[in-house]
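Some notes on the structure that comes next.
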Amino acid sequence: MHAPLRGEADASVTGKLLWHVLDDAQKDQMRVIGTTEEAPGFLLMAHPRVAPQDIEKIKKLLLDFHRVPGNETYFSTNGFEKFQPVDDKSMKRLDLYTQIFLKPAGP
1 MHAPLRGEAD ASVTGKLLWH VLDDAQKDQM RVIGTTEEAP GFLLMAHPRV APQDIEKIKK
61 LLLDFHRVPG NETYFSTNGF EKFQPVDDKS MKRLDLYTQI FLKPAGP
């Protein structure tokens with residue numbers, strides 16, 4: 001995001017967090033030329049060797065994290081609202097972006 005503002009690039013891709021920290025003068029120098037659908041900010045996954053009961057414990061802690069006093073700083077700092085379960089529909093929408101990682105690496 002800062003490269004175009006410094007004149008080092010013609011375009012940039014960014015997430016919402018960086019866009020929201022720009023001041024109005026910086027935003028006025030930019031032009032939004034496209035957006036994507038909302039998508040999970042990041043995914044937390046477990047290796048198959050992790051016991052199902054441990055996965056459930058971790059999941060419960062994460063889903064309740066926003067209710068714990070003091071944790072609001074985490075969310076206000078990174079622009080997230082709370083951890084949410086990801087449904088199959090959301091995962092399917094991400095397939096478009098993850099298919100490249102399934103292809104063999106090569107020259």
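If you read the sequence shown in the UniProt record's numbering, its first letter stands for residue 1, the second for the next number, and so on.
Here a beta-carbon is modelled for each residue, glycine too, at the ideal position from N, C-alpha and C.
- With fewer than three CB-CB distances shorter than 8 Å, the stretch 28 to 35 does not count as touching the stretch 45 to 56.
- Rounded to whole angstroms, Phe-75 and Gly-41 show a C-alpha spacing of 12 Å.
- Sequence-distant Cβ neighbours of Lys-16 in its own chain, meaning closer than 8 Å and more than five residues away, are Gly-79.
- Shown here, His-47 sits in coil according to DSSP, grouped into three states, outside any helix or strand.
- Excluding residues up to 5 positions away in sequence, Gly-79 lie with their Cβ nearer than 8 Å to the Cβ of His-20 in the same chain.
- When the beta-carbon positions are compared, Leu-94 and Ala-39 come within less than 8 Å of each other.
- In this structure, the straight-line span from the alpha carbon of Asp-87 to that of Leu-43 is close to 12 Å.
- The beta carbon of Gln-26 lies closer than 7 Å to those of Leu-5 in the same chain, with the five residues before and after it left out.
- In the DSSP assignment, Ser-12 falls outside any alpha helix (DSSP H) and carries neither an H nor an E.
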